[in-house]
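In full-length UniProt numbering, the protein residues as written are 1 to 480. Report on the following structure.
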Amino acid sequence: MTTRYLRHRQVSGFSLVELSIALVIMSIVVVGLVRWQMDQTKTVISTQVAREMRAIADAGMRYTIANEASIKAVTGPTTPFVATIPTLIASSYLPANTGTNNYYGQTFQLVVIKDAGGNLLPIIVSLGGQAMDGGTVRQVAQMITADGGAGGFIAAAANDTPGPGVAQGNAGWQVTLANYGLNPGAGHVVDAIFFTQQSAQTNVDLALHRVADAGSPGDNTMSTTLNMGANNITNVNTLQANAQIGAAGMSPNSGLPGGWWGGVHTWDLYAEGAIGIGSGGGLGAYITNTGEFVANGWYRTNGNSGWYSQSYGGGIYMSDASWVRIYNDKNFYTGGQVQAGTVVANGRVDAREYLQIDGKANAGWGCAPNGVMGQAADGTGMMQCKGGVWSMLAGVVDTTQVASPTSSCGGTGQYAVASCPAGYKITGGGHWLTRWAPGGTGADAAAPEQSRPAGNAWAVYGGGGAEGNSCWAAYAVCAK
1 MTTRYLRHRQ
11 VSGFSLVELS
21 IALVIMSIVV
31 VGLVRWQMDQ
41 TKTVISTQVA
51 REMRAIADAG
61 MRYTIANEAS
71 IKAVTGPTTP
81 FVATIPTLIA
91 SSYLPANTGT
101 NNYYGQTFQL
111 VVIKDAGGNL
121 LPIIVSLGGQ
131 AMDGGTVRQV
141 AQMITADGGA
151 GGFIAAAAND
161 TPGPGVAQGN
171 AGWQVTLANY
181 GLNPGAGHVV
191 DAIFFTQQSA
201 QTNVDLALHR
211 VADAGSPGDN
221 TMSTTLNMGA
231 NNITNVNTLQ
241 ANAQIGAAGM
251 SPNSGLPGGW
261 WGGVHTWDLY
271 AEGAIGIGSG
281 GGLGAYITNT
291 GEFVANGWYR
301 TNGNSGWYSQ
311 SYGGGIYMSD
321 ASWVRIYNDK
331 NFYTGGQVQA
341 GTVVANGRVD
351 AREYLQIDGK
361 ANAGWGCAPN
371 GVMGQAADGT
381 GMMQCKGGVW
391 SMLAGVVDTT
401 QVASPTSSCG
411 GTGQYAVASC
421 PAGYKITGGG
431 HWLTRWAPGG
441 TGADAAAPEQ
451 SRPAGNAWAV
461 YGGGGAEGNS
471 CWAAYAVCAK
């Protein structure tokens, strides 16, 4: 019994030891697998970050090459030029769907300075976001270099050499970030795209590609002037120019009137359709292919010019500040009305129908100048200004003079009135002295106070003064 028990304990003890050893081995394996998996994940992330930065470095170099002159004009050894991801996208150096942040939330910038020799020193740097640890930031820098770039990193600690203010590369280069106006801090990466040759750094095929290359829009973008060597460009669908166009040997920038920016500078301009002028889709004026000119504003000419008919030799123009003239003294014709303040005829007025005069006049009233014609206010005929008095025009069959039956003397307050007979119209009148008062007083001794037409009569008023002054009778000139 004792022997069997001991044997059983030995078997059981051996099994527990084996199990313990197996568990230890399995734990070691699991920990290793987890660590391996974590390392693999970190490597995948680092690879992605490095590839993103290389793509942006490629675009940054293309952008720098294309804009070299303008970038040099604004940079110096400590004066940077900055282009963001949206800038590179807008300039077609990156696809429109390019993200602005990497896995760690860091964004990228192209930053360029110019050294004392005038050479541009562009870099791509990551900014903001979550700082990468020391191992990761070095791994990403190595991957950038392995992919043809000049990868570098910013030290993860202040006591690291050369310190967090300097980016250091795997190839031994160093960049003082303060010269670029940068202080991204530890855990960020840099691609010194100035460090390597252009073709090796960017893998740029500097030839202009005929077809689109996905992810490399710069392959279809010119970065310098294209000289066709007097050859043609044909079968263009849409042509868009951001500046002037010179054609037929004309300069696009010179030979233009003062204040004119240009657009198209050429000799003749011929259109099978219409030529329009306006802004924002509106038409201010246009010329049709049938020869019509339509304008919403004024048609203005300078000098002694205006409109001229090439076919018939006439036109309308001005040669002074007062008169609109008919060219070649052509006749002016309209089936409608011609209205004017005053019409002056240097020759004869020929009315092919009736001559209508609407001005009203009253017989016996004063007028000027002599020769003016009008219509009798009562509608009985035409009037003429003769001797400064309105009188009936032609058609008078009889005239007569009528004297007042009484006189008007000074001081009496009475009128002397000469009335035209029935059927007659007054055409004029006056007065005569019927009694002289040499001893009279006041103006009444020389002339009456009033002598004027009064309705269809002529009236005289002697005026005030002492009784016994001179007296006057009235006469009227009447016609029918």
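Glycine is no exception: its CB is placed at the ideal position from the N, C-alpha and C atoms. This structure is a prediction, so every number in the text was calculated from the model and none was measured.
For residue 471, the closest C-alpha among the options 147, 89, 424, 412 is that of 412. Residues of the same chain with a CB within less than 6 Å of the CB of residue 376, apart from the 5 flanking positions on each side, are 383 in chain order.
For residue 377, there is no enclosing alpha helix (DSSP H), as DSSP marks it with neither H nor E. If you compare the alpha carbons of 149, 417, 93, 73 with that of residue 432, the shortest gap goes to 417. Shown here, residue 453 sits in a strand according to DSSP, grouped into three states.
Close CB contacts of residue 185 within its chain, under the 8 Å cut and outside five residues either way in sequence, are with 131, 154, 164 (chain order). Taking 7 Å as the cut-off, the Cβ atoms of residue 108 and residue 89 do not count as close. Shown here for residue 356: not one same chain residue has a beta carbon closer than 7 Å to its own, the five before and five after excluded. In this chain, the alpha helix (DSSP H) harbouring residue 70 covers 68-74. The Cβ atoms of residue 398 and residue 330 do not sit closer than 7 Å to each other.
The beta carbon of residue 190 sits closer than 6 Å to those of 123, 125, 152, 167, all from its chain and outside the five residues before and after it, given in chain order. Counting along the chain, the unbroken beta strand (DSSP E) around residue 318 starts and ends at 315-318.
In the structure shown, the three-state DSSP call for residue 114 is strand. Annotation for residue 144: the continuous alpha helix (DSSP H) segment containing it runs 134-146. Residue pairing from DSSP places residue 107 in a beta bridge opposite 101, 127.
Shown here, residue 402 sits in a strand according to DSSP, grouped into three states. Between the segment 316-326 and the segment 297-308 there are three or more C-beta pairs closer than 8 Å, enough to call the two in contact.
Contact check for residue 183 against residue 145 fails: the beta carbons are separated by 7 Å or more. With a 10 Å radius around the Cβ and a threshold of 16 neighbouring Cβ atoms, residue 260 comes out exposed.
In this structure, the beta-carbon distance from residue 221 to residue 92 falls below 7 Å.
Fewer than three pairs of CB atoms, one per stretch, sit closer than 8 Å, so the segment 251-267 makes no contact with the segment 282-290.
With a beta-carbon spacing of about 7 Å, residue 367 and residue 389 fall inside the 8 Å limit used to define contacts. Here residue 292 is exposed, its C-beta having fewer than 16 other C-beta atoms within 10 Å.
Counting only residues of its own chain and dropping the five nearest sequence neighbours on each side, residue 142 has a CB closer than 7 Å to the CB of 151, 170. Between the alpha carbons of residue 393 and residue 380 lies a gap of roughly 11 Å. Note: residue 472 is bridge-paired with 408, 433 in the DSSP secondary-structure output. If you check the CB distance, residue 462 and residue 408 come in under 7 Å. For residue 351, there is no enclosing alpha helix (DSSP H), as DSSP marks it with neither H nor E.
Here DSSP, grouped into helix, strand and coil, assigns residue 224 to coil. The segment 64-79 and the segment 95-104 do not touch, with fewer than 3 CB-CB distances between them shorter than 8 Å. Beyond the five residues adjoining it in sequence on each side, residue 294 comes within less than 6 Å, by CB distance, of 286 in the same chain, given in chain order. C-alpha of residue 52 to C-alpha of residue 66: approximately 21 Å in a straight line. Residue environment analysis places residue 323 among the exposed positions, since fewer than 16 neighbouring C-beta atoms fall within 10 angstroms of its C-beta. Around the beta carbon of residue 405, fewer than 16 other beta carbons lie within 10 angstroms, which makes this residue exposed. Per the coordinates, the alpha-carbon of residue 74 lies some 12 Å from the alpha-carbon of residue 115.
For residue 176, there is no enclosing alpha helix (DSSP H); the residue is part of the beta strand (DSSP E) that begins and ends at 174-176.
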